[in-house]
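Okay, structure first, notes after.
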RNA sequence: GGGCGGGUAGCUCAGUUGGGAGAGCAUCGGCCUUACAAGCCGAGGGUCACAGGUUCAAGCCCUGUUCCGCCUACCA
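Numbering (our numbering), first residue to last: 18 to 910.
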């Protein structure tokens, strides 16, 4: 394509829009149903109500990196996108909308309300999908699914029916977590515990027949109207002689029995526990053990029921205050002590959850959990990083039945019907017409809907067409990896494991990669209330998607949270710009017109040292990136690329190759330089593409000799000797020598404040013939990059009377500085250097003086240390000599 | 209460079988050298939280202490 002169700085906005449209139009994200090898990922479906936040950005970026990488590797990639219907959240939004128009959902009626929700979904439910596209997400959008769409709803019904028939779903009266604001039951997982500084109230429950009584301790005095017993531990010696008669419930006069149960802690509080089976999970268990009645004193709106007598109708928290006052007034309150305890809150609306006795649907989860545990134990699914495996086991092993019914309207209505005549319950895929028991034709469907997580638990196979046996399913299930944050490990991952194994007889994913949370720059969780949220779209606007993505990848070290700040993104925008300019430079020298000079097989060229060095480094970075991505080490891959592009390719190779490119070394070297430049840039763009798709696509199209999208190209081969790309340790060590010498001379320049414009001379002295030869052969590079006018190298150098010195391994560099040298500064320089060397030398000598080290350490380590000692001694010797010499001259003057 | 992770340069963090303490940013000094000032060259800076132990050798392994963060939990 065109290699018109590029702009001096990279401008992301047009580029991003243009290429994303191009990719979609060319259907480059599409997965094919019957080709192999296949690689698949299902997206963690964002809530349809959601707006893009940092968590999504990280999650999507990682998946996109993997998918783009796999496509380049030649895999048939399916990245399945979609959204989640988010029952409670969506219903809340639409209800609020209706409220602003002045009516409630009850006024509208269920059917009309559902229509309104679908309407909302059509209008504004897809916002997040477009935001994912801004990130560059290469999902197969034609396959986008929604947990409430027809196919997935069919899957939900089938699963419900089958589990019911297998006895794994049941309906029962049980104490559940009730959110009075949302008006629905929620599962244990949806309750967030928060430490609250409250009080522990000691209340006297008088004996019925004699003076005194039992003092109970409670944090929730308002529940006392539901008390149906007081429990004490049978082993509690304080209570061995209490009367066997009842105690009197204060404020009501009701009599309740005293029971004995080992559950009660002797040392806690007063050792006497009030039992409220309808409003406390533990009390519920104790209550059923002792056949106690349950009395509901708080209704579904959080208001006191008529059982609370004169407190009926009060809000539960107002009631608490009123009850406290009454108990104090009437002398029953014996003590109030400050007490900090954990209180459950609804994870959606933060309302204090009310444990409430209620008839609900549950999944009997233990049998499924056991299989999900063993699948991980057997390695059928790997959890990465491994630390999460333990968390997974802990939770799975202590799992309790899952309350799946929700008293809301938006969601999958439970496919259960009750006969109006005989009360027979029918659970079926299709709406039954009459009762199979009594033939009655009036049936009422269960009004509850299912927990949203119930449908997302089926996501890996329901999105692929199940219950139909589709090609898609056969080709892409189980998926290759699930990429997700640990916050939904239990909500979602664990449940997908159970459902996948149960209904597909196969785990839903081979790997689970659990990534970190994105926090603000102070390590705090981003939240609207704290006001520390960074909006990804704002970041993208300002710095470009590529810079943002690269930042996320570079900071995504396993097992550690990411602290995000715009400052960091800015740093990586510079990197994107660096790539842009390096490419600009390459394309200044390789134009469409000169492209026929490029030789693809580098073996056919006469390569210079920097040529051989950079392709050896390229080989290494290709290997490293591939290995890192295979192991989900995104930060290593990004870091390795950063270092290679900036500090090897740009800092050294591009500078070293300039003379050849300017034709100063003849036609042969020009061809070699062009060919190597082209190869390195070509391969580097491919390596970078998964991380920064937009800029690489743009540059790819501008690079002569490419055709089509970079997405359709091939990842540089990891095999040996491709295009003559080989590991070349000899060139690497020679190049290291050259760069060390250059750095040495630059150091003299910098520390002595010698203007860059002043050309210097340098002499390299070494007794090693290799070194002398290398310096003589590649002196041009040193001359160029160190700003020299002359350079010589030999085994013996007549030391110039006034010169600065630099010592590298095996050689000494003299830079004559007649009239320029500042003796004091030079002495300071040398002393500083000598100091550093001596410190190192001391530790090494100490080691070698230790017999235990010599006899017990492995020989290759000992050799290494011996070699090091030699190098250090030699350097030290040279430095000392030069210091001595320059001090002499200085003293003469 | 139980569990997990972390404490390494001023800041943010790498450090993969124990064997020379690193990067980016920030700081300081010098440069508009024709790819890039969103740049180039150079420099300074760390008792690897603390105390023990294992080892020839510990940032890394073991024990304890301490601080921070998170998850989890049916002692009201």
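All C-beta atoms, glycine included, are put in the ideal place defined by N, C-alpha and C. What you are looking at is a predicted structure, and each value in this text was computed from that prediction instead of being measured.
Asked                                                                                                                                                                              : Found
Any idea what DSSP makes of residue 357, helix, strand or coil?                                                                                                                    : strand
Have a look at residue 812 and residue 782 and give me their C-alpha separation to the nearest angstrom.                                                                           : 5 Å
Please classify residue 391 as buried or exposed, where buried requires at least 16 other C-beta atoms within 10 Å of its C-beta.                                                  : exposed
Check whether the Cβ atoms of residue 701 and residue 651 lie closer than 8 Å to each other.                                                                                       : no
Just reading off the beta strand (DSSP E) that residue 56 is part of, what are its end residues?                                                                                   : 55-59
Residue 230 lies in the beta strand (DSSP E); which residues open and close that run?                                                                                              : 230-235
By a C-beta neighbour count over all protein chains shown, 10 Å radius and 16 as the cutoff for buried, is residue 19 buried or exposed?                                           : Note on residue 19: pLDDT 41, under 50, position unreliable in the model; the coordinate value appears next. It counts as exposed.
Closer than 6 Å by C-beta to residue 262: which residues in its own chain qualify, once you throw out the five before and the five after it? Chain order, please.                  : 225 and 226
Which class does residue 550 belong to by DSSP, given the choice of helix, strand or coil?                                                                                         : coil
What is the C-beta distance between residue 427 and residue 108, in whole angstroms, given that I count them as a contact (C-beta under 8 Å)?                                      : 4 Å
Need the endpoints of the alpha helix (DSSP H) that residue 336 sits in, please.                                                                                                   : 333-346
I need the DSSP call for residue 644, collapsed to helix, strand or coil.                                                                                                          : helix
Mind checking which residues open and close the alpha helix (DSSP H) that includes residue 84?                                                                                     : 71-89
Look at the alpha carbon of residue 774 and the alpha carbon of residue 805, and state the distance between them as a whole number of angstroms.                                   : 10 Å
Could you check whether residue 366 and residue 196 sit closer than 8 Å to each other, using their CB atoms as the reference points?                                               : yes
Is the segment 636-656 touching the segment 76-87 in the sense that three or more CB pairs, one from each, lie closer than 8 Å?                                                    : yes
DSSP three-state label for residue 64, please.                                                                                                                                     : strand
For the segment 195-263, which segments carrying the beta strand (DSSP E) assignment without a break, of at least 3 residues, lie completely within its bounds, in sequence order? : 201-203, 208-223, 230-235 and 246-249
Among residues of its own chain, excluding the 5 on either side of residue 585, which ones have a beta-carbon nearer than 6 Å to its beta-carbon?                                  : 568
Evaluate residue 213 with the Cβ neighbour count: other Cβ atoms within 10 Å of its Cβ, from every protein chain shown; 16 or more gives buried, anything less gives exposed.      : exposed
Between residue 172 and residue 475, how many whole angstroms is the CB-CB distance? I'm expecting something under 8 Å.                                                            : 5 Å
Candidates 769, 44 and 200: which alpha carbon is nearest residue 835's?                                                                                                           : 769
Using 8 Å as the threshold, is the C-beta distance between residue 503 and residue 535 below it?                                                                                   : no
Which partner residues does residue 869 have in the DSSP bridge list?                                                                                                              : Answer is none; residue 869 lacks a bridge partner.
If you measure between the beta carbons of residue 186 and residue 194, is that distance less than 8 Å?                                                                            : no
Candidates 207, 218, 190 and 60: which alpha carbon is nearest residue 6's?                                                                                                        : Within the shown structure, residues of the chain are numbered from 18 to 910, placing residue 6 beyond reach of any answer.
Just to check my reading of the structure: residue 600 and residue 698 have Cβ atoms closer than 8 Å, yes? What is that Cβ distance to the nearest angstrom?                       : 6 Å
Just the C-alpha distance for residue 301 and residue 276, rounded to the nearest angstrom, thanks.                                                                                : 14 Å
Cutting at 8 Å between CB atoms, please list the residues of its own chain near residue 618, excluding the five before and the five after it.                                      : 740 and 741
When the Cα of residue 4 is compared with those of 210, 311 and 254, which residue comes out closest?                                                                              : It is not possible to answer for residue 4, since the shown part of the chain is limited to 18 through 910.
Can you list, in chain order, the residues of its chain with a C-beta nearer than 7 Å to that of residue 511? Leave out the 5 residues immediately preceding and following it.     : 389, 409, 412 and 413
Report the residue from 810, 818, 97 and 838 whose alpha carbon sits nearest the alpha carbon of residue 827.                                                                      : 810
Whole angstroms are fine: how far does the CA of residue 756 sit from the CA of residue 716?                                                                                       : 30 Å
What are the boundary residues of the alpha helix (DSSP H) that residue 577 is part of?                                                                                            : No alpha helix (DSSP H) contains residue 577, which DSSP labels as neither H nor E.
Using CA coordinates, which residue listed in 669, 230, 53 and 215 is at the minimum distance from residue 238?                                                                    : 215
Near residue 421, which residues of its chain fall below 7 Å by C-beta distance, leaving aside the five closest residues on each side in sequence?                                 : 378, 379, 380, 467, 468 and 471
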